[in-house]
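Enquirer: The sequence shown begins at 0 in numbering that gives the first Met the number 0 and counts up one residue at a time. Okay, here's the structure, questions in a sec.
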Amino acid sequence: MTAAARRVLCLSGSLRRISSNTAALVAAQRLAPSTLELVVYDGLGALPLFNPDDDNDPLAPPVLALRDAVGRADALLIACPEYAHGVPGAFKNLLDWLVGSLEFPGKPILLLNTAARGSYHAQEALAEILATMSAQLLTSQPLPVGLPGAGCTAEQVLASSERCAELRAALACLTTELA
Numbered sequence: 000m001t002a003a004a005r006r007v008l009c010l011s012g013s014l015r016r017i018s019s020n021t022a023a024l025v026a027a028q029r030l031a032p033s034t035l036e037l038v039v040y041d042g043l044g045a046l047p048l049f050n051p052d053d054d055n056d057p058l059a060p061p062v063l064a065l066r067d068a069v070g071r072a073d074a075l076l077i078a079c080p081e082y083a084h085g086v087p088g089a090f091k092n093l094l095d096w097l098v099g100s101l102e103f104p105g106k107p108i109l110l111l112n113t114a115a116r117g118s119y120h121a122q123e124a125l126a127e128i129l130a131t132m133s134a135q136l137l138t139s140q141p142l143p144v145g146l147p148g149a150g151c152t153a154e155q156v157l158a159s160s161e162r163c164a165e166l167r168a169a170l171a172c173l174t175t176e177l178a
């Protein structure tokens, strides 16, 4: 990482141990140019269920850690699966914890769509949620990274020249937008 590197927090919407979405983010981390520092967030499963009554001081430590990570990031890179045509509940819970935060509004965000068969319902819902939360979406559509579905590893992603090219395109978009 160079002194001028921009910090990108990578958020996977999946809780799976072996997740294509997480694999894409880890692969992007490994492919990132020295101008970007990609940090993969791993606290999704530790977040308490959102309750507006609990969105005040003192916040739960996992919520504080999430908000701190978002606050230190120059941008977010999100890869989120689609469950029953929607955003997975755990990831929506993460977003709910950011609604009342000062760190999130205006944050540049790039969405990846890792569904090989082009699922779009969750992507559209996610874009709507993020826009409502005052995010700055860097592209009008999620960038595709055509992975085979559940159970893909970062090594499998990196073994494909096509997937690497797709991830490098996403990284180039982040580099350009954060310059």
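Ideal Cβ positions, reconstructed from N, Cα and C, are used throughout, including at glycine.
Quick one: what does DSSP say residue 196 is sitting in, helix, strand or coil?
Expert: Because the chain is modelled from 0 through 178, residue 196 falls outside the range shown and cannot be assessed.
Enquirer: Determine which residues share a DSSP beta bridge with residue 39 and list them.
Expert: In the sequence shown, counting from the first residue as 1, residue 39 sits at position 40. Note: residue 39 sits in a beta bridge opposite 9.
Enquirer: Might you give, ordered along the chain, the residues of its own chain that have their beta carbon closer than 8 Å to the beta carbon of residue 138, omitting 5 neighbours on each side?
Expert: The residue labelled residue 138 in the question sits at position 139 within the sequence shown. Excluding residues within five positions, the ones whose Cβ falls inside 8 Å are 109, 110, 172.
Enquirer: Out of 73, 16, 21, which one is the CA nearest neighbour of residue 176?
Expert: Taking the sequence shown and counting its residues from 1, one reaches residue 176 at position 177. Comparing Cα-Cα distances from residue 176 to each of 73, 16, 21, the minimum goes to 73.
Enquirer: Within the continuous beta strand (DSSP E) that includes residue 142, where are the two ends?
Expert: As a position in the sequence shown, residue 142 is number 143, starting the count at 1. It spans 142-146 - the beta strand (DSSP E) in which residue 142 sits, taken as one unbroken run.
Enquirer: By the three-class DSSP mapping on this structure, what secondary structure does residue 55 have?
Expert: In the sequence shown, residue 55 corresponds to position 56, counting from 1. In the structure shown, residue 55 sits in coil (DSSP, three-state: anything other than H, G, I, E or B).
Enquirer: Once DSSP output is grouped into helix, strand and coil, what is the label at residue 72?
Expert: As a position in the sequence shown, residue 72 is number 73, starting the count at 1. Looking at residue 72 - three-state DSSP - the assignment turns out to be coil, as it is neither helix nor strand.
Enquirer: Alpha carbon to alpha carbon, what distance is there between residue 55 and residue 163?
Expert: As a first step, residue 163 must be located in the sequence shown, where it is residue number 164. As a first step, residue 55 must be located in the sequence shown, where it is residue number 56. Taking the straight line joining both Cα atoms gives about 42 Å.
Enquirer: Just list the residues that DSSP pairs residue 111 with in beta bridges.
Expert: Translated into the one-based positions of the sequence shown, residue 111 becomes position 112. According to DSSP, which records beta bridges pairwise, residue 111 is partnered with 78, 142.
Enquirer: For residue 174, which residues from the same chain have a beta carbon less than 7 Å from its beta carbon, with the 5 sequence-adjacent residues on both sides left out?
Expert: Taking the first residue of the sequence shown as position 1, residue 174 is located at position 175. These residues qualify, in order along the chain: 32, 34, 35.
Enquirer: Contact between the region 38-50 and the region 80-100: three or more CB pairs below 8 Å?
Expert: Cβ pair count under 8 Å is three or more, so yes.
Enquirer: Using a 10 Å radius around the Cβ and a threshold of 16 neighbouring Cβ atoms, would you call residue 178 buried or exposed?
Expert: Against the sequence shown, residue 178 aligns to sequence position 179. Per the 10 Å Cβ criterion, exposed.
Enquirer: Can you tell me whether DSSP reads residue 1 as helix, strand or coil?
Expert: Along the sequence shown, read from residue 1 onward, the residue named residue 1 stands at position 2. In this prediction, residue 1 scores a pLDDT of 47, lower than 50, which makes its location untrustworthy; no coordinate-derived value is stated.
Enquirer: Measuring CB to CB, does residue 23 end up less than 7 Å from residue 78?
Expert: As a position in the sequence shown, residue 23 is number 24, starting the count at 1. As a position in the sequence shown, residue 78 is number 79, starting the count at 1. Yes. Within cutoff.
Enquirer: Judging by CA-CA distance, which residue of 70, 17, 57 is the nearest neighbour of residue 8?
Expert: Sequence index remark: in the sequence shown, residue 8 carries index 9 (1-based). Nearest option by C-alpha distance: 70.
Enquirer: Using the Cα positions of residue 130 and residue 136, report the straight-line distance between them to the nearest angstrom.
Expert: Locating residue 130 in the sequence shown gives position 131, counting from the first residue. Locating residue 136 in the sequence shown gives position 137, counting from the first residue. Answer to the nearest angstrom: the Cα atoms are 7 Å apart.
Enquirer: Check whether the Cβ atoms of residue 142 and residue 30 sit closer than 7 Å, and answer yes or no.
Expert: Counted from its first residue, the sequence shown places residue 142 at position 143. Counted from its first residue, the sequence shown places residue 30 at position 31. No, the Cβ-Cβ distance between residue 142 and residue 30 is not below 7 Å.
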